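2 protein chains.
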Amino acid sequence: MATVAVENYLKHVLLLSEGGEELVSMGDLAGALAVVPGTATAMVKALADEGLLEHQPRLGVRLTTRGRRIALNVLRKHRLVETFLVETLKMDWSKVHAEAEQLEHAVSDEVLDRLDALLGHPRQDPHGDPIPNRAGKIDSQVYATLATCATGRRLRIVRVTEQSEEFLRFAEDSGLRPGAELSVGERNLVSGLVTLTRTDGGKIALGVAAAGKILVEPRG
Amino acid sequence: MATVAVENYLKHVLLLSEGGEELVSMGDLAGALAVVPGTATAMVKALADEGLLEHQPRLGVRLTTRGRRIALNVLRKHRLVETFLVETLKMDWSKVHAEAEQLEHAVSDEVLDRLDALLGHPRQDPHGDPIPNRAGKIDSQVYATLATCATGRRLRIVRVTEQSEEFLRFAEDSGLRPGAELSVGERNLVSGLVTLTRTDGGKIALGVAAAGKILVEPRG
DNA sequence: CCACCTATTTTGATTAGTCAAAATAAGTGT
DNA sequence: ACACTTATTTTGACTAATCAAAATAGGTGG
Ligand SMILES: [Mn+2]
Ligand SMILES: [Mn+2]
Ligand SMILES: [Mn+2]
Ligand SMILES: [Mn+2]
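Okay, here's the thing in structure tokens:
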């Protein structure tokens with residue numbers, strides 16, 4: 028069975044390749060896993076020997092079919108566990124990522140299936156992140172962000188792509204969670220400021236970096 | 028934080044000392060952890076250096092207060108997780124031990140508290156094993172077993188002290204689960220055979236070793 | 001008391017995962 | 001073409017946990 032470290036490496040390669048076929052650089056991978064670059068290189072060579080990913084020296088890595096299968100299963104565990112923690116145990120959505128980071132390696136496939144059924148086969152987790160189904164199919168729809176969408180239109184938040192506790196607490200306090208509706212008032216590319224108007228009329232100011240982490244779709 | 032291995036060693040020392048103050052032998056400890064004796068010796072020395080247990084060379088080990096505190100917390104996680112798996116996820120009681128063996132190391136204290144509340148602060152797990160409370164207090168009542176109790180009296184099963192999947196499936200199939208009522212017909216110490224009579228009149232034959240794993244109290 | 005048996009400890013290796021720091025390969029610009 | 005910068009790889013070392021096999025300490029029986 029894959030160790031905790033192996034599962035984490037594979038999952039992060041999957042997340043960093045964002046569905047596409049691009050190579051993931053060693054620097055990005057090492058950064059995501061919080062290890063020094065040499066460590067990532069060593070591990071990647073071992074995983075390549077195991078046939079779980081393909082390593083193009085000095086360019087980067089890409090998952091093989093086998094590696095991707097494992098990574099999707101871990102990601103499914105992660106996101107279903109997050110959903111369970113919020114829906115069933117009523118935990119705060121800002122804290123469940125850290126918990127799931129551990130539990131994703133301890134939950135068996137059998138428990139996974141039962142959690143999935145208990146929760147009614149959810150398609151998104153509490154952050155709006157898509158949950159791969161049992162077959163490994165994952166919704167990879169591309170959405171606009173608050174940094175790129177048209178201004179003035181009515182929007183609905185579909186996803187918040189940032190796991191840090193501080194950011195999620197801020198988003199929660201500002202009413203910026205999946206399902207919330209709002210519109211972008213103006214966007215000043217020089218100052219890097221985005222102004223939002225909530226349904227209740229409240230206004231919120233956000234930097235473009237933060238705005239880019241909030242995915243939206245036209246309300247309809 | 029204590030590693031998975033450390034948590035397992037401490038928990039097994041606790042289980043093998045059965046509440047009392049007796050020393051746990053290296054052989055028993057190594058056997059319970061499925062490691063060779065030399066490995067247990069090495070680990071025990073490290074844990075003694077950490078102040079988590081007391082090692083009397085060639086005699087055995089005993090938990091310190093700190094070690095016992097950690098062990099009880101792990102045991103509480105194990106048994107609450109088992110209860111959750113059976114009560115909420117409807118898993119078979121014969122399979123939950125193996126699952127809990129992993130999850131006991133991945134569940135945080137916060138998740139533990141919420142599980143406890145969700146389940147209504149249970150005092151026993153699905154096998155009748157007592158669940159330590161948050162303060163670390165654990166019910167250590169001593170019960171008779173089907174191998175030692177008086178014959179002819181009406182009894183109620185309170186606990187099944189064996190975790191193996193095969194044994195628990197057998198017990199399940201024979202109606203021998205906590206709460207079930209029965210009496211011991213006769214016990215032949217020569218042949219080592221114990222004959223039970225269920226409430227429904229059904230008779231079951233059992234070896235003394237197996238009978239000793241089923242704890243009972245007089246029905247009342 | 002001494003030889004023997006058995007549990008325990010010691011010794012020497014191994015594996016997985018990691019870091020620090022030195023070496024190297026690939027651009028980039030001049 | 002050459003010097004520079006930067007990402008990546010290599011090298012050497014370390015920790016936690018383990019096993020196999022040799023050494024040893026305590027009883028136990030005669
Ligand atoms: Mn993880
Ligand atoms: Mn998520
Ligand atoms: Mn365990
Ligand atoms: Mn149990």
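Heads up: the protein sequence lines correspond to chains F and A, in order.
If you use our numbering, the first sequence corresponds to residues 28 to 247, in order.
If you use our numbering, the second sequence corresponds to residues 28 to 247, in order.
Heads up, the beta-carbon is just placed ideally off N, CA and C, and yes, glycines get one too.
Keep in mind the model is a prediction, meaning the values are calculated, not measured.
Residue of the options minimising C-alpha distance to residue i
i, options, result
"Tyr170/A", "Lys164/A, Arg183/A and Arg161/A", "Arg183/A"
"Val138/F", "Pro149/A, Leu145/A and Val123/A", "Val123/A"
"Gly228/A", "Val221/A, Ala32/A, Glu208/A and Glu77/A", "Glu208/A"
"Gly163/F", "Arg96/F, Arg186/F and His154/F", "Arg96/F"
"Leu45/F", "Thr115/F, Arg89/F and Val185/F", "A small correction: the amino acid at residue 45/F is Glu; Leu does not occupy that position in the sequence shown. Closest by alpha carbon: Arg89/F."
"Thr115/F", "Gln83/F, Pro149/F and Asp76/F", "Pro149/F"
"Ala57/A", "Tyr36/A, Lys72/A, Asp76/A and Arg106/A", "Tyr36/A"
"Glu128/F", "Leu142/F, Val101/F, Asp119/F and His154/F", "Val101/F"
"Asp62/A", "Arg85/A, Leu42/A, Thr178/A and Ala32/A", "In the sequence on display, residue 62/A carries Val and not Asp. Nearest of Arg85/A, Leu42/A, Thr178/A and Ala32/A to Val62/A, Cα basis: Ala32/A."
"Val158/F", "Ile241/F, Phe111/F and Pro64/F", "A small correction: the amino acid at residue 158/F is Ile; Val does not occupy that position in the sequence shown. Nearest of Ile241/F, Phe111/F and Pro64/F to Ile158/F, Cα basis: Phe111/F."
"Gly78/F", "Thr92/F, Pro84/F and Ser210/F", "Thr92/F"
"Ala254/F", "Arg196/F, Pro245/F, Asn160/F and Ser218/F", "Residue 254/F is absent from the structure shown; chain F starts at 28 and stops at 247."
Contact test: residue i Cβ vs ligand 1 heavy atom, cutoff 7 Å
i, result
"Asn100/F", "no"
"Glu126/F", "no"
"His132/A", "no"
"Asn35/A", "no"
Span of the beta strand (DSSP E) around residue i
i, result
"Ala232/F", "Lys230 to Gly234"
"Glu244/A", "Ile241 to Pro245"
"Gly212/F", "Glu208 to Asn215"
"Gln83/F", "Leu80 to Gln83"
"Thr175/F", "Here Thr175/F belongs to no beta strand (DSSP E), and DSSP marks it neither H nor E."
"Thr226/A", "It is not in any beta strand (DSSP E) - Thr226/A carries neither H nor E in the DSSP assignment."
Within 8 Å, strictly: CB atoms of residue i and residue j
i, j, result
"Ala133/A", "Val40/A", "no"
"Val113/F", "Gly87/F", "no"
"Val235/F", "Val185/F", "no"
"Gly206/F", "Thr224/F", "no"
"Leu173/A", "Ala238/A", "yes"
"Trp120/A", "Glu193/A", "no"
"Thr188/A", "Lys240/A", "yes"
"Leu43/F", "Asp55/F", "yes"
"Asp9/F", "Leu107/F", "In this structure chain F extends from 28 to 247, so residue 9/F is not present and cannot be described."
"Met53/A", "Ala73/A", "no"
Range of the contiguous alpha helix (DSSP H) that encloses residue i
i, result
"Pro64/F", "Pro64 to Asp76"
"Asn35/F", "Val31 to Ser44"
"Arg183/A", "First-last for Arg183/A: Arg181 to Val187, but that is the beta strand (DSSP E), not the alpha helix (DSSP H)."
"Gly58/A", "Met53 to Leu60"
"Val138/F", "Asp136 to Leu145"
"Leu107/A", "Thr92 to Glu114"
"Leu195/A", "Glu192 to Asp200"
"Leu130/F", "Val123 to Leu130"
Near ligand 2: residue i beta-carbon under 7 Å from a heavy atom
i, result
"Arg106/F", "yes"
"Asp55/A", "no"
"Asp119/F", "no"
"Asp152/F", "yes"
Buried versus exposed call for residue i [16 or more other C-beta atoms within 10 Å across all chains shown]
i, result
"Leu216/F", "exposed"
"Lys104/A", "buried"
"Glu48/A", "exposed"
"Glu34/F", "buried"
"Ser152/A", "The amino acid occupying residue 152/A in the given sequence is Asp; Ser does not appear at that position. Buried, since its Cβ has 16 or more Cβ neighbours within 10 Å."
"Glu109/A", "buried"
"Met28/F", "exposed"
"Gly247/F", "exposed"
"Val221/F", "buried"
"Glu131/A", "buried"
"Lys117/F", "exposed"
"Glu126/A", "buried"
"Arg180/A", "exposed"
Any non-hydrogen atom of ligand 3 closer than 7 Å to residue i Cβ
i, result
"Glu109/A", "no"
Contact test: residue i Cβ vs ligand 5 heavy atom, cutoff 7 Å
i, result
"Asn160/F", "As presented, the structure is devoid of ligand 5, carrying ligand 1, ligand 2, ligand 3 and ligand 4 as its sole ligands."
Residue i Cβ short of 7 Å to ligand 4 heavy atom set
i, result
"His39/A", "no"
"Asp156/A", "yes"
"Asp76/A", "no"
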